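Trainee:
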Amino acid sequence: MDFNSLVETFELMEQTSSRIALTGYLVTLLKSTPANIIDKVTYLIQGKLYPDYEGIEMGVAEKMVLRAIATSSGKDVSEIERIYQKTGDLGEATLEVMKSKSQSTLFSEPMTVERVYSTFDKVARTIGVGSQEIKLRLISSLLNDATAAEGCYIIKFVMGQLRLGIADYTVLDALAIAFTGDKINRHVLENAYNVSSDLGTVARLLATSGLEAVSSIKITLFKPIRPMLAERVRTAEEALERTGSRAAVEYKLDGERVQVHKGKDRVELFSRRLEKITSHYPDVANALKTIKSEVILEGEVVAINIETEEYLPFQELMHRRRKYGVEEAMESYPVVMNFFDVLYFDGKSKTEVSYMDRRKLLKKIVDRIQNSKLSLIKQTIATESYEIDRFMAAAIENGCEGVMIKHLPSTYRAGAREYAWMKLKREYTSDFADTLDLVIVGALYGRGRRAGKYGALLLAAYDHNTDMFRSVTKVGTGFTDVHIEQFYKELEKHIVSQRHARVDTGMEMDIWFEPKIVIEVIASEITLSPSHTAAKNTIRPGYGLALRFPKFTGKIRDDKKPEDATTIDEILAAYKRQLKAVGHSGAKVQIEEEEEHDKEG
Ligand code: AMP
């Protein structure tokens with residue numbers, strides 16, 4: 147296929163702002179494209195060489211491209227730079243430079259789409275020492291034989307600046323019209339795309355074997371599936387109404403969604419955007435090798451505090467998104483993978499199976515793995531809204547951002563956002579900036595580096611009306627090794643054999659203390675809790691107040707007696723202030739606005 151026919155379409159496309167016209171040009175192009183290269187043309191028009199999940203990039207430096215243009219045009223780099231500054235686009239600059247270029251070389255090879263694609267492919271695959279020079283030669287070889295317009299688009303492509311605005315859905319429309327004569331068949335193509343994330347393959351199968359063949363595209367290992375998405379609901383009641391009074395409720399962890407593909411001896415992880423992110427989580431990938439079967443699983447990877455097993459906020463996980471220093475990041479920011487779905491198991495797609503049965507299968511798979519890095523997301527079945535609210539409060543207390551509510555008979559609908567999955571997020575966000583002085587009343591033994599010492603401490607506020615200490619949080623963050631030693635020694639003097647009579651809590655601890663030591667903590671906010679007892683039943687029956695994301699500031703308040711600690715009344719007042727600050731008057735569970743890091747919506 148002549149490369150110039152592609153370039154002519156690019157020119158038309160760049161000049162239109164009408165989606166209908168764009169689709170029209172695309173239909174004409176696809177109809178005239180030989181079936182055996184239609185996949186390549188499909189990638190090229192979107193500025194790619196392969197589907198996104200392959201993660202293949204051109205990897206060329208701007209400087210190098212300037213040199214390639216200079217070599218082929220016989221002009222100075224400085225002159226090209228000057229034109230580039232004027233046009234603001236390297237492709238347009240190439241057009242201008244090459245217009246005045248002398249005739250192309252004598253023994254020029256024809257410019258076919260095949261040739262251009264395979265040269266681009268070589269450019270992308272050339273890596274390592276000296277690769278920029280090789281890339282330069284490859285690009286020059288194309289420019290030498292190209293017309294000015296061809297040169298313009300070659301450079302735009304190489305620089306990742308081919309912005310024709312052709313979305314996946316436009317390509318699907320155009321394919322349906324070009325090969326089935328009717329847009330109505332788009333849904334068949336869309337389904338195939340949703341399970342393969344590969345428009346090129348869909349196009350090629352359609353052009354070579356027809357619609358029937360496309361409809362039989364199945365989930366394949368190492369081709370990520372477009373994720374199923376959730377609608378938001380405002381209340382637990384609404385969720386239950388929509389699911390017919392019975393639903394699964396799962397923790398909604400605040401981490402990164404990961405699709406795991408595990409073959410015989412290969413493991414890949416894909417992000418919500420279907421990019422390969424295996425290298426971010428080598429520890430998880432390694433742990434996955436312990437799964438015997440070939441599977442595709444979905445889960446949320448979350449940063450945790452190893453000692454206390456607390457989930458940490460999303461920001462902590464961001465330290466793992468790096469190219470270098472992955473080993474150190476792995477040590478400093480340990481993570482756990484929490485599975486919530488299974489899409490493929492031992493050669494068969496499971497997307498047509500109900501949620502109920504998928505969860506059963508998932509449990510079996512995860513139960514067989516003996517690895518602390520891999521676990522099953524917490525779940526319960528609810529028939530009453532108060533059950534959802536209670537589960538939600540526990541989830542938030544454990545560092546989650548809310549719950550996911552799932553319709554029991556629903557299949558896995560790749561790429562769809564429907565009420566089969568619903569998200570119910572916590573009611574507010576606001577930074578609770580004050581520090582609190584709280585009394586240590588219990589502890590859990592630590593693990594890992596904190597084995598034999600305390601991992602998390604149970605803290606209480608003072609209830610001056612009844613002279614009691616009521617729990618508000620468990621804290622495990624903010625302690626240095628020195629603190630751990632120091633607390634262990636100090637607290638030993640205050641151990642009691644069971645919960646102290648002045649201590650009130652719904653929490654189970656490994657060890658209890660007489661309320662003596664006061665420490666300073668900060669927290670991100672105050673939430674409702676079914677297990678902490680500060681101000682219990684004041685805001686809502688059965689619930690107390692608790693701190694979210696508490697952290698020890700490093701200060702031991704030995705200037706304070708336990709009775710001088712922050713009081714329950716102060717915490718209650720702060721909670722009310724916090725509600726007011728975000729404009730809510732009650733404690734009804736409501737959703738917050740999309741969070742900034744909303745992993746696409
Ligand atoms: P949102 O990003 O607010 O639209 O919520 C959907 C996201 O929540 C998913 O893409 C996942 O990253 C995340 N998530 C956390 N826990 C779960 C769960 N149990 N089921 C599904 N998604 C979950």
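Under this note's numbering, the letters of the sequence shown match residues 147 to 747, in that order. For each residue, glycine too, the CB sits at the ideal point set by N, CA and C. This one's a predicted model, so the numbers in the text were calculated from it and none came from an experiment.
1) Among residues of its own chain, excluding the 5 on either side of residue 258, which ones have a beta-carbon nearer than 8 Å to its beta-carbon?
2) State the Cα-Cα distance for the pair residue 689 and residue 674, rounded to the nearest angstrom.
3) Leaving out the 5 sequence neighbours to the left and right, which residues in its chain are closer than 7 Å to residue 153 when beta-carbon positions are compared?
4) For the segment 432-486, which segments carrying the beta strand (DSSP E) assignment without a break, of at least 3 residues, lie completely within its bounds, in sequence order?
5) Please state whether the Cβ-Cβ distance between residue 680 and residue 616 is less than 7 Å.
6) In terms of residue numbering, what span does the beta strand (DSSP E) encompassing residue 525 cover?
7) Counting only runs of 4+ residues fully inside the segment 170-252, write out the alpha helix (DSSP H) ranges in chain order.
8) Bridge partners of residue 619, per DSSP?
9) Does at least one heavy atom of ligand 1 sit under 6 Å from the Cβ of residue 412?
10) Check each candidate in 438, 422, 439 and 488 and name the one with the smallest Cα separation from residue 467.
11) Is DSSP giving residue 644 helix, strand or coil here?
12) Please classify residue 171: is it buried, with 16 or more other beta-carbons within 10 angstroms of its beta-carbon, or exposed?
13) Run through the DSSP bridge pairs and tell me what residue 550 is partnered with.
14) At 3 residues or longer, what runs of the beta strand (DSSP E) sit wholly inside the segment 680-726?
15) For the alpha helix (DSSP H) that contains residue 539, what are its first and last residues?
16) Within 8 Å, do at least three Cβ pairs link the segment 496-513 to the segment 410-425?
17) Can you give me the C-alpha to C-alpha distance between residue 280 and residue 224, rounded to a whole angstrom?
18) With 16 as the cutoff for other CB atoms within 10 Å, does residue 180 come out buried or exposed?
19) Answer yes or no: do residue 622 and residue 454 have a C-beta to C-beta separation smaller than 7 Å?
20) Under 6 Å Cβ to Cβ from residue 599, same chain only, skipping five residues before and after it: list those, please.
21) For residue 667 versus residue 696, is the C-beta spacing smaller than 7 Å?
22) Ends of the beta strand (DSSP E) at residue 359?
23) If the criterion is Cβ atoms closer than 7 Å, does the pair residue 395 and residue 540 meet it?
24) Going along the chain, which residues of its own chain have a beta-carbon closer than 7 Å to the beta-carbon of residue 189, five neighbours each way excluded?
25) Is any heavy atom in ligand 1 found nearer than 6 Å to the beta carbon of residue 110?
26) Would you give the residue range spanned by the beta strand (DSSP E) that residue 405 belongs to?
27) Just grab the DSSP bridge partners of residue 675 for me.
28) Using a 10 Å radius around the Cβ and a threshold of 16 neighbouring Cβ atoms, would you call residue 354 buried or exposed?
29) What's the gap between the Cα of residue 156 and the Cα of residue 168?
30) For residue 475, which residues from the same chain have a beta carbon less than 8 Å from its beta carbon, with the 5 sequence-adjacent residues on both sides left out?
31) Considering Cα atoms alone, identify which of 445, 400 and 717 is closest to residue 406.
32) Please report how far the alpha carbon of residue 663 lies from the alpha carbon of residue 671, in whole angstroms.
33) Tell me whether residue 396, by its Cβ, gets closer than 6 Å to a heavy atom of ligand 1.
34) Helix, strand or coil for residue 490? Go by DSSP, reduced to three states.
35) Within 10 angstroms of its Cβ, does residue 687 collect 16 or more other Cβ (buried), or is it exposed?
36) Does any heavy atom of ligand 1 sit closer than 6 Å to the C-beta of residue 416?
Mentor: So, to answer that:
1) The answer, listed in chain order, is 147, 148 and 149.
2) Approximately 6 Å, taken between the alpha carbons.
3) Shown here for residue 153: same chain residues with a beta carbon closer than 7 Å to its own, the five before and five after excluded, namely 295, 296 and 299 in chain order.
4) Runs of the beta strand (DSSP E) lying entirely within the segment 432-486 and spanning at least 3 residues, in chain order: 441-451.
5) A contact, by the Cβ cut-off of 7 Å.
6) It spans 525-528 - the beta strand (DSSP E) in which residue 525 sits, taken as one unbroken run.
7) Here the runs fully enclosed are 184-191, 208-219, 223-233 and 236-245.
8) Per DSSP, 605.
9) Taking 6 Å as the cut-off, the C-beta of residue 412 does not count as close to any heavy atom of ligand 1.
10) The shortest C-alpha separation from residue 467 is found at 422.
11) In the three-state DSSP reduction, residue 644 falls in the coil class, being neither helix nor strand.
12) Counting the other CB atoms within 10 Å of its CB gives residue 171 a total of 16 or more, which places it among the buried residues.
13) Answer by DSSP bridge pairing, in chain order: 396 and 569.
14) DSSP runs (the beta strand (DSSP E)) wholly in the segment 680-726: 690-694 and 697-702.
15) For residue 539, the enclosing alpha helix (DSSP H) covers residues 531-543.
16) Counting C-beta pairs closer than 8 Å gives fewer than three between the segment 410-425 and the segment 496-513, which falls short of the contact rule.
17) The C-alpha of residue 224 is placed about 22 Å away from the C-alpha of residue 280.
18) That one is exposed.
19) Yes, Cβ-Cβ distance for residue 622 and residue 454 is below 7 Å.
20) 592, 630 and 634.
21) Yes; because the gap between Cβ atoms is below 7 Å, this pair is in contact.
22) Segment 357-361 is the alpha helix (DSSP H) holding residue 359; no beta strand (DSSP E) there.
23) A distance of 7 Å or more separates the beta carbons of residue 395 and residue 540.
24) Excluding its 5 nearest sequence neighbours in each direction, residue 189 has C-beta neighbours in its own chain below 7 Å: 195, 196 and 346, listed in chain order.
25) Outside the shown range of the chain, which is 147 to 747, sits residue 110, and nothing can be said about it.
26) In the DSSP assignment, residue 405 falls within the unbroken beta strand (DSSP E) covering 402-408.
27) By DSSP's assignment, residue 675 forms a beta bridge with 690.
28) A residue is called buried once 16 or more other Cβ atoms fall within 10 Å of its Cβ, and residue 354, having fewer, is exposed.
29) Rounded to the nearest whole angstrom, the C-alpha separation of residue 156 and residue 168 is 10 Å.
30) Once the five neighbours on either side are set aside, the close Cβ partners of residue 475 are 465, 466 and 468.
31) That would be 445, whose Cα lies nearest to the Cα of residue 406.
32) Annotation: residue 663 to residue 671 spans about 23 Å, alpha carbon to alpha carbon.
33) Correct: residue 396 has its Cβ closer than 6 Å to ligand 1.
34) Note: residue 490 maps to strand in three-state DSSP.
35) Counting Cβ neighbours within 10 Å, residue 687 comes out exposed, since fewer than 16 surround it.
36) With a cut-off of 6 Å, the C-beta of residue 416 is classified as distant from ligand 1, since no heavy atom of the ligand falls inside that distance.
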